[in-house]
Structures are given as C-alpha cells and as structure tokens.
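Chains as they are written, first to last, in the working numbering: chain B, 863 to 1055; chain U, 1355 to 1732. What follows is a single structure, written as structure tokens, with notes after it.
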Amino acid sequence: MRETPNFTGWRATILHREDSNTERLTRQLKLIGLHVNVQWEPLDASDLPDIVLVDADQGFDGLLPWSGEHAPCPLVALLGSEAPGRIAWAMEQGVGAIIAKPLASSAVYPALVMALGIHKERKAVIDKMNHLEERVRLRPLVHAAVERIIAVRKVDEELAYTILRNCAMQRRMPMEQVAASILGGAEPLPEAG
Amino acid sequence: MKNAVRIGILYSTTGPYGGMGRDGRDGAELAIEQVRATHANAIEPVFIDPHADIAAYLEGARSMLRDHGCRHIIGTITSLARKEVIPLVEKHDGLLWYMCPYEGFEANDNVIYTGGCPNQHLLPLFDYLIPRFGRRPYLVGANYVWGWEMNRLARELIEDAGGEVLGERYLPLEETAVERIVLDIEQRRPSFILNNLVGPSSYAFLAAIRALGARDPAFRPENCPVVSCDLQECEIPDIGPGVATGQLCAAAYFDTVATPENTAFKAHVSSRFGPGRRVSSIFASAYASVKLCAEAIIAAGTDDPTAVSRFLSAAPLPTVLGPILISPDTRHAALPFHLGRINDSGGFDIIASQPAIAADPYLTGRRMRLPPQLRIVS
C-alpha cells in the first residue's frame, strides 16, 4: 500500500490568470499544506517550484521552460475546454493529471497525488531506460573481453563468459564495466576456474 | 425573514446504522423544537428518511433542495452517503452539515464538518494506546471507505512508531460471521485491536472478543482493548449488557462529560425523551449543528450559506460540545478529544481528555506534530 502523500511545505506555482478558479485552487492548496504562487508569465527555469498547475485552455508554448514530455516536476493541467488540441498541448507538456474547470475543491488533492505518482513512475522508467541503453551500448566490450579470455586462457566461449560474470559478481560491478577494465589493462585477466 | 426557513434533516432510522440515525434525527428534532419555541417558528424542519438506501439519499436531498427550498441539510451518517449528496448541495449552492466522525481528506466549501477527522480522534487515540499497550495492533473494519482509510492511517502511525500490524481484516456492512477473524486474533496475540466495523458486525465482534477474553485473560480489555472512534452510547444496549465493558472509544462528546452545559442539556433530553435516554456524540453533534445553523440564520437574517459560514467563523459559539468555531479554510470545527471506557451501566467513563484540537483534514501537520499532552483524569 502506498503511503499518504504529504505535500506540507511544497512550493506550487499556478500558471493561470487570477480568477475564481485560482482563488479556490489557492485556498485548497494552502489547506493541503503548500505555499502557492500565482502568475501568468513563463516559468523561470532556474527557480522551479515542486509542482506546477498550468492553464491548459490558454497555455502557450514557452510558458513551461521545458520541451517534450519530460517535465522536471509533477505537472497538473487546469482544463475547461474539451478541444483535442488543448488536451494534446497539455500532454505535450508532460501533464500527469487534469483538474476540470470550473474547479471542484474535491478534485485538487487527488490530482496532486496522481501527478506526483505519474511523475515518479515516468522518472523511474526514464532512469531504467537510460541504464539499459548504456548497457546495450557497452555490449560489444563484453564480447571483446570474452574473446580475449578465450584466446589467453584457452577455454571455450561458455566458460570464458562464466569467468567474466563471476569476476563481475565478486567485485559487485556490472559486467560491462569489468570488461572495459580488462580490455583497458586496468584489471588483470581473471584466472580460469 | 417573513417565512420560516426550512432545514432538511436527512437520517436513516433503519438499517445497519439505524441507531445512529435515530440519535441524529432526535438530536436535530430537539434543537428545532427549542429554536421554534424561542424564535416564533423561525425555522421549519423537513424530515426525510432514506432507510439506508443510497438512491433514496439522493432523492431526499434533491427534494429538500429543489422542492422544499431548503438551503441547509443536516445529515448523512456514512461517507458513502455524504459523497453522494455533496454534488447536489454544490449544484444548489446549499450547505451540508455533516456531524459524524469520518476519515478526513475532504474540505468542501458547501459542507460544515462538526464530527471530527483523524487528527481529532485516531491520532490522539494512538498517542494514548501505543505507550500503554504496545505497537502491534490488529485492524478490523467495515468493507468501505471508513474502514479502509482508518486502517490505512493506523498502519502508517504504527509503522512510524516502529511497530507492526499483525492483521487487517474486513467484513461487509451487515456481516456477523466474525469467527475466523477472532481465531486469527487469538493466534497472533496483538497489543490492541482497532475496530472500524459498523453496526451488527461490530456488535458480533465485541461479543466474540468477550468470549475469547473469558477463555484467555490476555484478551480481556485491560490487556488487549478493542478501541474505536465511532461507537455510540445508543449502540451499547444492542451489543448486550456488560458485553463491551472495559473497551475504549474516542469521541468529541460523551453523555458523561461533566460540564454544567451538559447537565442542563441532559435534563432537556430526559424531559423530552424519557429519563433513560443516553446522549451519544451523534445526538449531541446533530443537536449542536441545528442550533448553530438556526442561530447563524437568525443572526445573519438570511439562510444564504456564505453569510451563515461567515457568522460561524467569526467567533466561537457556545454549544453542548463546548465553544465551536468553524475554520474558514477547512470548514471543520475544532473539537475536544475524550477517551471513554465502557462501563457496566451502558455509558462511558472518561479516562483521558484533551482540549479542542483544530481539524487538519489532510494531515499536513502530522510530521511536525507536537508530543501529546493528555490530561489523565482517572
């Protein structure tokens, strides 16, 4: 079971012209424990808040200082329109949850929890993908190290691979890294068996 | 105001929580009679009984708001019913007065909450229990949002305290087959048991724990209490005489609260409902809510929810629960905390109390909570 998300002390920026929606939203966010700033100008990339709530009806490119779907913090769209173009804009910014306008106060906390959860999940997926891409990129090094072990130790491919894997496990390092060390001469060639 | 202002009273007097509904209805009715006697029929009640049927709650609330011209509804017991009624109340710009303890995580502009959320009942209850009984509880609950959320919070409190939840089980609202749960409790031997069951399943559970305690002293209330945040005086006769004696309950009000206001209030209740009638927190909260509602309407000269809310947040108003101030932000009342131990005469002996606690429905202050300052009175 997930822990109760606690937003106490978080900084929220609402990118929206001030109106009855932002008034109600500010009140509810403060109640949930956040510090709130309302502005209708592009967000400063050097001073990002902990969570952003953006007007997806009026939002324009450049309002958020990032591109693509990799928002650096949880992002919530405030949306009254049903126009597909506006929904697409929100998704392009990396929105994790939508609060419909006119805003019901009961929609705010669930949206924060959802946006935070989606943000964490996306970040975990991106991190994992970067990690796997790195390993795929280094795969030829593993192959080269296996070839070297076969040549020097006069063993078959299966045993050479086992030697390399055991060496990585003993040192608690990824195989790619051990392979690179062996090929670079920083690591002595592991003994057979 | 030329015409009487109509106030809707929406309680189920039958079904699994009918006892609570009857107390809510009677408390509201007593308050209305008193206001009508002193203010020349300024308010007029519209009673609707949904008989624990969710669709009937919606129909009833719609009829109050649309056909009867009510802008204020006192009522609903369960969170399920409250959540159903709220959108209608919002649509008609009315005010729902919800006066039961509930699981928190809500603060709606069209609701006044006078029953208490977890930082007013569950948190101080655990502050009391953990040092005295240990941090290995067993959690039981009714299979809906009250049971789920109260047990989820309890689990967090226990994990924060470095303890362990030994079991967590749920029963449908009217299920009374508790044997397997009680067997599991007997084997796991918890420090205490948090009971979020409602109505007949709760009564069956308490009876089974009583039988277990008779076989094994480790499960007597002084060693392994069954604790809850919603057990009412009106339910003790249904549980059976002596069956729940020694078990604990947290509430903002007990019949036994020793204040002059409560003594006077109980005299009114006795003269209206007979001398045997015990007052529950639901009875008292419904009574206080109607009194506050009527007082605010009369003072504001209108039943407009904004004007009424402004009056309720301006200064504390005296009630049978003590002075009540509604937070303009959370819409919740600050409430005192009392811990009651069920006695043989079907009431609660108050064993610890805390002065009024401001509501924190989203538990924003939980991580910076001050150490508890319980005043032990016995």
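Each residue gets a CB set at the ideal place from its N, CA and C atoms; glycine is no exception.
The region 1521-1530 of chain U and the region 1489-1502 of chain U touch, with three or more beta-carbon pairs separated by less than 8 Å. With respect to the 8 Å criterion, U:I1711 and U:L1689 are classified as neighbours on the basis of their beta carbons. Put simply, the backbone Cα of U:T1599 is about 22 Å away from that of U:A1531. When DSSP states are grouped into helix, strand and coil, B:T875 belongs to the strand group. Taking the Cβ atoms as the reference, U:F1627 lies roughly 10 Å from U:D1377, outside the contact range of under 8 Å. According to the DSSP assignment, U:C1603 belongs to the beta strand (DSSP E) that extends over L1602 to A1605.
With contacts defined as CB atoms closer than 8 Å, U:G1362 and U:I1402 qualify as a contacting pair. In the DSSP assignment, U:I1428 falls within the unbroken beta strand (DSSP E) covering H1426 to G1429. Three or more beta-carbon pairs drawn from the region 900-910 of chain B and the region 918-937 of chain B are found closer than 8 Å, and the two stretches are therefore classed as touching. Partner residues in the beta bridge of B:H897, as assigned by DSSP, are B:R873. Straight through space, the alpha carbons of B:P964 and B:E880 are spaced by roughly 13 Å. If you draw a straight line from the Cα of B:I1044 to the Cα of B:V998, it comes to about 18 Å. Cβ-Cβ distances below 6 Å link U:S1643 to I1428, W1451, M1453 and T1468 in the same chain, with the five nearest sequence neighbours on each side left out; the list follows chain order. For U:Y1557, the secondary structure class from DSSP, reduced to helix, strand or coil, is helix. Check the Cα spacing between U:K1445 and each of U:Y1456, U:G1470 and U:M1418: the tightest is with U:M1418. Only those residues of the region 884-916 of chain B whose C-beta falls short of 8 Å from the nearest C-beta of chain U are listed: R886, R889, Q890, K892, L893, I894 and G895. Pairing U:P1579 with U:R1390, the inter-Cα distance amounts to about 44 Å. Taking a contact as a CB-CB distance under 8 Å, the pair U:G1694 and U:A1612 does not count as one, their CB atoms being some 13 Å apart. U:H1426 is classed as buried because its beta carbon has at least 16 other beta carbons within 10 Å across all chains shown.
Within the region 1428-1505 of chain U, the complete beta strand (DSSP E) segments at least 3 residues long are 1449-1452, 1465-1467 and 1492-1496, listed from N- to C-terminus.
Secondary-structure assignment with DSSP links U:Q1708 through a beta bridge to U:F1691. Residue contact with chain B for U:T1718: present (Cβ-Cβ distance below 8 Å to some residue of chain B). Beta-bridge pairing by DSSP links U:G1362 to U:V1400 and U:I1427. Between U:T1660 and U:D1698, the alpha-carbon positions lie close to 46 Å from each other. In this structure, the CA atom of U:L1646 is about 49 Å from the CA atom of B:A950. According to the DSSP secondary-structure assignment, U:F1619 is paired through a beta bridge with no residue. Contact between U:N1473 and U:L1717 holds, since their C-beta atoms are separated by about 6 Å, short of 8 Å. Annotation: the continuous alpha helix (DSSP H) that includes U:A1668 extends over P1659 to A1668. Here the alpha carbons of U:I1512 and U:I1547 stand approximately 12 Å from one another.
Interface annotation, U:F1459: in contact with chain B, CB-CB separation under 8 Å.
Taking 3 residues as the minimum length, the beta strand (DSSP E) runs contained wholly in the region 906-930 of chain B are 913-917, in order along the chain. Per DSSP, reduced to three states, the secondary structure at U:S1699 is coil, with no helix or strand assignment. Taking 8 Å as the cut-off, the Cβ atoms of B:P934 and B:R873 do not count as close. For U:E1522, the enclosing beta strand (DSSP E) starts and ends at G1521 to L1525. Between the alpha carbons of U:T1367 and U:G1375 lies a distance of about 5 Å. DSSP places B:V970 inside the alpha helix (DSSP H), whose first and last residues are V970 to R999.
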